[in-house]
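Asker:
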Amino acid sequence: MEILARESAAEASRVTNILVVEIVVAMASTIAVGLRIFARTLRRVPFGGDDLAIVLALPVAWGIAISTFLMVRYGYGKHGDVLPKSDMKPFTQSLLSGEILWTIAIPLIKVSICLFYRRIFGEIKYMRYATSIIAVFSVCWGIMYAIVLGLQCRPLAALWDKSIQDSHCIEQMLFCFIGSAMNVFTDFVLLALPVPAVWHLHISIQNRLQVCAILALGTFASTVSLARFAILLHWQKVVDPTWNYYYPYLFCTIEVHIGIVSACLPTLRPLVQSALAQAKDSIGRSSGKADTPDPEQAYRGMVHSKSDESKSISQTYSYKVVVRPASSNSGQSGDERLMNPNDISFWTSIDSHA
């Protein structure tokens, strides 16, 4: 029976699933960032801090993918009792490097979303304050999380060498649970943040909902964060790291790549509009329905509508009457000339004053 159990453990492998998922999500995030840059160029929108943050997050995500491949090389997705003991050190080091890179990528993604909101809703005071607070909090949280990861065991070698005496390690499950909970919290705050601003747009309720849906794409990764949080709730004590870390770590890497894709989705609307321009024109002519508003253009139109309206109201036209004497040799004063209509000529012009 013991031999059969060992054979079953040796045959059990999740390596294929790990590699397929990692390659697919890494390609998706790379394509999304490339399309975002292309969309900005196509629309001639200046590159901003939101674009820079997401571009910086991409190589960090690639680093997580490399860490995953190294983990697979040293047993990730297989049972530890069929692996050489010498693999545990490089496996744990690769895992630790991937986790630290995760603490860099997630704040960059959140900062990108916050800066994207500021690009659209920068005129609203509460949005400026809220996005600044969330961005700073995310960066501080990432730094704190990375420091704790690097100091989770004293000495750090106790992570992979359980034979070290007098070592002290934090409760990893509790630490991961708290970190995941904070991540989910900020995700849903970002999801709800633009709703009040969008609801004051001067567009129909249907279009408001559509704009909210477009902006919500930027926080779609919150569903992955929530799924990872649910997994951690049912996570048991790690007794077989190369096998037990399958779901928690896999969802970490999925969360990063999907987060990058989600942050790019609201900016890709111009590409969709360009690709479906003829079809939309045809549908618009037949149904008379307007296109879904671009969230950036819709809000900016609302912000400037009041100023444009007041500008048009304050625009006045003045009728200038220039009074000159018909004869320059007249000895009369200006007041006297005005009393003599035969001695006056008029030049008129209309000037617009905004």
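Note that full-length UniProt numbering gives residue 327 to position 327 of the sequence shown, counting from 1, and the numbers run on in steps of one.
A virtual CB, placed ideally from N, CA and C, is assigned to each residue, including glycine.
Everything numeric in this text was worked out from a predicted model, so none of it was measured.
Cβ of Met71 within 9 angstroms of Cβ of Thr242?
Answerer: Working through the sequence shown from its first residue, we reach residue 71 at position 71. Working through the sequence shown from its first residue, we reach residue 242 at position 242. In contact: Met71 and Thr242 (Cβ atoms closer than 9 angstroms).
Asker: What is the DSSP secondary structure of Tyr299, counted as helix, strand or coil?
Answerer: Counting from one through the sequence shown, the residue named residue 299 turns up at place 299. Any reading at Tyr299 must be qualified, since the residue scores a pLDDT of 49, below 50, and its modelled position is unreliable; no value is offered.
Asker: My output table needs one value for His168: the three-state DSSP class, helix, strand or coil.
Answerer: Within the sequence shown, numbered from 1, the residue matching residue 168 stands at position 168. Here His168 sits in strand by DSSP.
Asker: Only counting the same chain, and skipping five residues up and downstream in sequence, which positions put a Cβ closer than 8 angstroms to that of Leu193?
Answerer: Sequence index remark: in the sequence shown, residue 193 carries index 193 (1-based). Excluding sequence neighbours, Leu193 sits near Tyr117, Met127, Ala130, Thr131, Ile134.
Asker: Could you work out which residue in Cys252, Gly179, Arg119 is closest to Leu215 when comparing CA atoms only?
Answerer: Here residue 215 refers to the residue found at position 215 of the sequence shown. Answer by Cα proximity: Arg119.
Asker: By the 10 Å Cβ neighbour count, where 16 or more other Cβ atoms means buried, how is Arg154 classified, buried or exposed?
Answerer: The residue you call residue 154 lines up with position 154 of the sequence shown. Exposed is the call here.
Asker: What is the DSSP secondary structure of Arg14, counted as helix, strand or coil?
Answerer: Here residue 14 refers to the residue found at position 14 when the sequence shown is read from its first residue. In the structure shown, Arg14 sits in coil (DSSP, three-state: anything other than H, G, I, E or B).
Asker: Please look up how many angstroms separate the CB atoms of Gly142 and Ile104, rounded, as I've assumed it's under 8 angstroms.
Answerer: Stepping through the sequence shown from its first residue, residue 142 is reached at position 142. Stepping through the sequence shown from its first residue, residue 104 is reached at position 104. Indeed they touch by this definition, with Cβ atoms about 6 angstroms apart.
Asker: Would you kindly work out how many angstroms separate the C-alpha atoms of Lys110 and Phe185, rounded to a whole number?
Answerer: One-based indexing of the sequence shown puts residue 110 at position 110. One-based indexing of the sequence shown puts residue 185 at position 185. Looking at the two C-alpha atoms, the distance is approximately 12 angstroms.
Asker: One question on the structure: do Ser180 and Leu232 come within less than 9 angstroms of each other, judged by their Cβ atoms?
Answerer: As a first step, residue 180 must be located in the sequence shown, where it is residue number 180. As a first step, residue 232 must be located in the sequence shown, where it is residue number 232. In this structure, Leu232 lies closer than 9 angstroms to Ser180 by Cβ.
Asker: Take the Cβ of Phe91 as the centre, count every other Cβ of all protein chains shown within 10 Å, and call the residue buried at 16 or more, exposed below.
Answerer: Translated into the one-based positions of the sequence shown, residue 91 becomes position 91. Buried: at least 16 other Cβ atoms inside 10 Å.
Asker: If distances are taken between C-alpha atoms only, which option among Ser262, Ser204, Ala146, Cys176 comes closest to Leu190?
Answerer: Position 190 of the sequence shown, counting from 1, holds the residue named residue 190. Measuring from the Cα of Leu190, the nearest candidate turns out to be Ser262.
Asker: How big is the Cα-Cα spacing for Phe121 and Arg208?
Answerer: Counting from one through the sequence shown, the residue named residue 121 turns up at place 121. Counting from one through the sequence shown, the residue named residue 208 turns up at place 208. Rounded to the nearest angstrom, the two C-alpha atoms are 15 angstroms apart.
Asker: From Gln206 to Leu217, what does the alpha carbon distance come to, in whole angstroms?
Answerer: Numbered from 1 along the sequence shown, position 206 holds the residue referred to as residue 206. Numbered from 1 along the sequence shown, position 217 holds the residue referred to as residue 217. Approximately 17 angstroms between the Cα atoms of the pair.
Asker: How long is the line joining the alpha carbons of Glu255 and Leu265, rounded to whole angstroms?
Answerer: Here the question's residue 255 lines up with position 255 in the sequence shown. Here the question's residue 265 lines up with position 265 in the sequence shown. So the alpha carbons of these two residues sit roughly 15 angstroms apart.
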